[in-house]
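A.B. asks: Before I ask anything, here is the structure I am working with.
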Amino acid sequence: MRIEKIQENIYSLHGKMKDISDYQDIKLLLEKKRKTQINEVFFSIPQAKEISPYILGYWLKLAIENEFQLHFYISNTSLYERFLHLGLHEFFEVINGEMEQYL
7 MRIEKIQENI YSLHGKMKDI SDYQDIKLLL EKKRKTQINE VFFSIPQAKE
57 ISPYILGYWL KLAIENEFQL HFYISNTSLY ERFLHLGLHE FFEVINGEME
107 QYL
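Read left to right, the sequence shown gives residues 7 to 109 (the working numbering).
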């Protein structure tokens, strides 16, 4: 996975998000944001078809325990539907489509 910074709190997550190193990269990024009192981040997910449970669990922890506001723009319809099926839209803003059409 590669993290591309689009703007200050807007990132694109490219590639597969399956490895523990991907979890660590995302956690490092979001912990830096949390330490600077920034609690709202936008992610574009243009390619991934699935996301590691470690990453999903970490995002849920931030949303529930730390009141982080996470927004996901998911291009893959199957992944978007999986987010809805798991009820993740109750904790995050989840949008089906490219981030560029909304910003």
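Beta carbons are placed, not taken as given, at the ideal position from N, Cα and C, and that holds for glycine.
What you are looking at is a predicted structure, and each value in this text was computed from that prediction instead of being measured.
Which stretch, first to last residue, makes up the alpha helix (DSSP H) that contains residue 30?
C.D. replies: 26-41
A.B. asks: Quick check: what's the CA-CA separation for residue 56 versus residue 28?
C.D. replies: 13 Å
A.B. asks: Let me check understanding here. Comparing Cα to Cα, which of 32, 22, 102, 42 lies closest to residue 78?
C.D. replies: 102
A.B. asks: By the 10 Å Cβ neighbour count, where 16 or more other Cβ atoms means buried, how is residue 50 classified, buried or exposed?
C.D. replies: buried
A.B. asks: Could you name the residues of the same chain whose beta carbon sits closer than 7 Å to that of residue 46, not counting the 5 residues immediately before and after it, in chain order?
C.D. replies: Taken in chain order, the residues that qualify are 15, 75.
A.B. asks: For the alpha helix (DSSP H) that contains residue 89, what are its first and last residues?
C.D. replies: Here the alpha helix (DSSP H) through residue 89 covers 83-91.
A.B. asks: Which value, in whole angstroms, describes the spacing of the CA atoms of residue 39 and residue 104?
C.D. replies: 23 Å
A.B. asks: So is residue 44 buried or exposed if we call it buried at 16+ other beta carbons inside 10 Å?
C.D. replies: exposed
A.B. asks: For residue 82, collect the residues of the same chain with a Cβ closer than 6 Å to its Cβ; drop the 5 residues on either side in sequence, then sort them by chain order.
C.D. replies: 55
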